[in-house]
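Heads up: the structure comes next, in structure tokens.
In the numbering used here, the protein residues as written are 530 to 685.
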């Protein structure tokens, strides 16, 4: 058995210098990882917006194929609205499905008036692109809609 007297001359615990070195290492790691975390969060926000826009297009096309009534999607700077009707201005607002995005996300399109609509189609849809941009990294994601109603984005 070891007696308490054996430890009398030995050091117990950490010195102030050792604690400061460990805290310094943690501080350097935290500072180095913050930009990485910020970029991952921004990328996740942008990807979520891209998924929501693609889902809105798919929903509009699927509902049109199901019942033949005109459906559309309006692309606004920080939101998209899926609607029922021949145009956004003549829509039946009670069926609107609005998806809003963070202020760092902006949405634009190559469709006239930033509006996709299934009216006057015989399963030939207006083709175009939707651009989702985040204002922090300035990166863009492009969603393409083919004339067959296929939504393409990501790794093509």
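Each residue gets a CB set at the ideal place from its N, CA and C atoms; glycine is no exception.
- Identify whether residue 612 lies in helix, strand or coil by the three-state DSSP scheme. strand
- Message: With the cut-off set at 7 Å, would you say residue 627 and residue 610 are in Cβ contact?
- Response: yes
- On the three-state DSSP scale, how would you describe residue 604? strand
- Task: On a CA-only basis, which of 571, 681, 553 is nearest residue 664? Give me that one, please.
- Result: The residue with the shortest Cα to Cα distance from residue 664 is 571.
- Task: Taking all protein chains shown into account, decide if residue 578 is buried (16 or more other Cβ within 10 angstroms of its Cβ) or exposed.
- Result: buried
- For residue 614, the nearest candidate out of 539, 590, 658 (CA to CA): 590
- Under the three-state reduction of DSSP, which class applies to residue 665: helix, strand or coil? coil
- Cβ-Cβ separation, residue 670 to residue 575 (assumed contact under 8 Å), whole Å: So it is a contact: roughly 6 Å between Cβ atoms.
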